[in-house]
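Chains as they are written, first to last, in UniProt numbering: chain A, 1 to 82; chain B, 1 to 82.
Just so it is clear, CB atoms sit at the ideal spot from N, CA and C, and this is done for glycine as well.
Predicted model, so just to flag it, every value in this text is computed and none were measured.
Below: one structure, written as structure tokens.
Protein chains: 2
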Amino acid sequence: MFKAVVYVTLRESVLDPQGHAVKGALHTLGFDEVNNARIGKYMELELNTSDRAKAEERVREMCEKLLANTVVEDYRFDIVEG
Amino acid sequence: MFKAVVYVTLRESVLDPQGHAVKGALHTLGFDEVNNARIGKYMELELNTSDRAKAEERVREMCEKLLANTVVEDYRFDIVEG
Numbered sequence: 001m002f003k004a005v006v007y008v009t010l011r012e013s014v015l016d017p018q019g020h021a022v023k024g025a026l027h028t029l030g031f032d033e034v035n036n037a038r039i040g041k042y043m044e045l046e047l048n049t050s051d052r053a054k055a056e057e058r059v060r061e062m063c064e065k066l067l068a069n070t071v072v073e074d075y076r077f078d079i080v081e082g
Numbered sequence: 001m002f003k004a005v006v007y008v009t010l011r012e013s014v015l016d017p018q019g020h021a022v023k024g025a026l027h028t029l030g031f032d033e034v035n036n037a038r039i040g041k042y043m044e045l046e047l048n049t050s051d052r053a054k055a056e057e058r059v060r061e062m063c064e065k066l067l068a069n070t071v072v073e074d075y076r077f078d079i080v081e082g
């Protein structure tokens, strides 16, 4: 059993309205030291597989097909024992 | 300048309908090895501060007050140079 930990973030060049809203809310609460906030997704997938190389290949395919919108998002992932 | 990387996840005991939907979609696409999927948030905050201990304290406060709903969510964060 492996676990894939996937991070999906907006590309640097893409505006992040959700991050902008979070920054504004933090400023309102007095956290003025926050210069910038960017929000992404974090996913944990439990994989019923015993081959790490195969798991990496499959998770890459999942990211390309479903988990990330590669037009505006970047993704990266780690495969960990679990 | 430090950067805070914040991970907010649903508590283990809380149902994750978004994760359930992602698992279903992955199965539909033929990724049957996915036993479970849980979705969380990933945030990067740029902090205009030079004191790491102070940054940790402030980010903990941000999580408690705004970034996580501690009734149903857990959070953890790293402070990195950036």
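6 Å CB neighbourhood of A/Val59 in its chain, flanking five on each side removed: The beta carbon of A/Val59 sits closer than 6 Å to the beta carbons of Ala4, Phe77 from its chain, once the five residues preceding and following it are set aside; these are given in chain order.
Chain B within 8 Å of A/Asn35, Cβ atoms only: It does; some Cβ of chain B falls within 8 Å.
Partners in chain B for A/Leu15, counting only beta-carbon separations shorter than 7 Å: Ordered by position in chain B, no residue passes the 7 Å Cβ test against A/Leu15, which lies about 15 Å from the chain.
Closer than 8 Å to chain A by CB, B/Tyr7: yes
Exposure label - B/Thr28; buried when at least 16 CB within 10 Å: exposed
DSSP beta-bridge partners of B/Gly40: A/Tyr42
Status (buried if at least 16 other CB within 10 Å, exposed otherwise) for B/Glu33: buried
Cβ contact (3+ pairs, closer than 8 Å) linking the region 1 to 19 of chain A and the region 35 to 53 of chain A: yes
Chain-ordered chain B contacts of A/Glu12 [CB-CB under 8 Å]: The premise fails here: A/Glu12 is roughly 11 Å from chain B at the closest Cβ pair, so nothing lies under 8 Å.
Nearest candidate by alpha-carbon position, reference A/Phe31, set B/Val72, B/Thr70, B/Glu64, B/Asp74: B/Glu64
Cβ of residue 85 of chain B within 8 Å of any chain A Cβ: This structure cannot speak to residue 85 of chain B, because chain B is shown only from 1 to 82.
Helix, strand or coil at B/Val6 according to DSSP, with G and I counted as helix: strand
For A/Arg52, the three-state DSSP class (helix, strand or coil): helix
Same chain only: Cβ atoms within 6 Å of B/Val14, ignoring 5 sequence neighbours per side: Val72
Same chain, Cβ closer than 6 Å to A/Ala37, five either side skipped, listed in chain order: Gly19, Val22, Lys23.
Among A/Val80, A/Thr70, A/Tyr75, the one whose alpha carbon lies nearest that of A/Val50: The question names Val, but residue 50 of chain A in the sequence shown is Ser. Checked all of A/Val80, A/Thr70, A/Tyr75; the closest Cα to A/Ser50 is A/Val80.
Chain A contacts from the region 49 to 81 of chain B (Cβ-Cβ distance under 7 Å): Thr49, Arg58, Met62, Lys65, Leu66
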